[in-house]
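Position 217, counted from 1, in the sequence shown is what our numbering calls 219; the numbers after and before it change by one each time, with no gaps. Yeah, the Cβ is synthetic: ideal placement off N, Cα and C, and Gly gets one too. A quick note: this is a predicted structure, and the numbers were derived from the prediction, not measured.
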Amino acid sequence: MQESINPTQGETPSPSYNKAIITGAALVGGAALLAATPKVARAVTPALTFADIPGSGDVKVLNYALALEALEANLYEQALARLIALNVSANDPVRSYVAKFGIVEKQHRDFLIGAIKAANNNTTILDGPLAGATFNFGGALETAESILDFLITVEDTGTNAYLGAIPSFTPKSPYLPTAAAIQGTEARHTAALIVIRNRKYPAKVESPAPLFNENNGIDGIIREAPFKGANPIPNTILAAVSPYIVLPTNN
């Protein structure tokens, strides 16, 4: 895969963190509302669903992934800024890996933007329904430990999101190999953050087993929060991330 379209490259650049969403007119009062000058903002309620994502076929799935990657990229930015504010050393593994992984998530986001625009000269959800959207992670970014815990949950969510989106791609979609590559990157991020978290703080996050023997050596669906007992279909993922998406409104 060429460098220009390889969203999994750049996992080891020098240090320098966004899984969000798309929304339809029914949920935000139309694109005109988002284009207007916002006076106040509100979290997404009710939770977004896959039906709210613009586009069809592969473009719809790419917009879904872009919403999530936008959230992740922004999360890493906020997490890094918070770690700096907490005077966490640049040599600390928490800050170092947050910086590195943040670069990768931005690459994922930018790759998806390019793929959507190239598919049919489509505008993305970030140009339309999510224009002006911000992300509020509340108290999840209070301490270095809480930041790690939250990033693990979000990266786990991303891993499952790509797994659950596979059936929504068109048959023989040219984007499937790239989606699989990004999914693998999200899984590696999850595992690395768990190792760092358990080395720096009292271990409480179970390290993921590399393979599940009961599934013929194939990784199984992760059943951690927020999907314990539920399949990681797009609607489940969107319900998990919607509380962190803030949309501008005139109300």
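Quick one: what does DSSP say residue i is sitting in, helix, strand or coil?
i      : result
PRO236 : helix
ASP221 : Low confidence applies to ASP221: its pLDDT is 46, below 50, so where it sits in the model is not reliable, and the reading given next is rough at best. Three-state result, ASP221: coil.
VAL90  : coil
ALA242 : helix
ASN124 : coil
PRO204 : coil
ASP129 : coil
ILE55  : coil
THR145 : coil
SER98  : helix
THR10  : Per-residue confidence for THR10 stands at a pLDDT of 44, beneath the threshold of 50, marking its modelled position as unreliable; no derived number is given.
TYR164 : helix
SER170 : helix
LEU267 : No answer is possible for residue 267: the residues shown for the chain start at 3 and end at 253.
Do the CB positions of residue i and residue j come within less than 9 Å of each other?
i      : j      : result
ARG97  : SER91  : yes
ARG199 : LEU143 : no
ALA163 : TYR78  : no
PRO179 : ASP54  : no
ILE196 : ILE239 : no
GLU71  : GLU157 : no
THR136 : VAL63  : no
ALA117 : TYR177 : yes
PRO254 : SER170 : This structure leaves residue 254 out entirely; the chain is present only between 3 and 253.
Rounded to the nearest angstrom, what separates residue i and residue j at their Cα positions?
i      : j      : result
ARG190 : ASP129 : 30 Å
SER175 : ILE184 : 15 Å
ALA227 : THR187 : Confidence is the limiting factor: at ALA227 the pLDDT is only 48, short of 50, which leaves the residue's position unreliable, though a coordinate-based value still follows. Cα-Cα distance, rounded: 19 Å.
ALA69  : LEU88  : 29 Å
THR51  : ALA81  : 27 Å
THR39  : ALA49  : Annotation note: pLDDT 28 at THR39 (below 50); position unreliable, no value reported.
PRO95  : TYR246 : 26 Å
ALA133 : ILE127 : 7 Å
PHE113 : ASN76  : 15 Å
VAL243 : ALA101 : 22 Å
LYS119 : PRO234 : 27 Å
ASN93  : ASN138 : 27 Å
THR125 : TYR99  : 32 Å
ALA193 : GLU107 : 16 Å
ALA181 : VAL61  : 13 Å
GLY166 : ALA146 : 30 Å
Please confirm whether any heavy atom of the ligand GTP lies closer than 8 Å to the CB of residue i.
i      : result
ILE247 : What this structure holds is no ligand at all, so the ligand GTP is not there to describe.
Which word fits residue i, buried or exposed, when buried means at least 16 other C-beta atoms lie within 10 angstroms of its C-beta?
i      : result
ARG201 : exposed
ILE168 : exposed
GLY57  : buried
PRO250 : buried
ASN122 : exposed
GLY160 : buried
GLY104 : buried
THR47  : exposed
PRO173 : exposed
PRO204 : exposed
GLY141 : exposed
GLY59  : exposed
Tell me, please, which residues DSSP counts as bridged to residue i.
i      : result
PHE137 : ILE247
Can you find a C-beta in chain D that's less than 9 Å from the C-beta of residue i?
i      : result
TYR203 : Reference to chain D is not applicable here, since this structure consists of a single protein chain.
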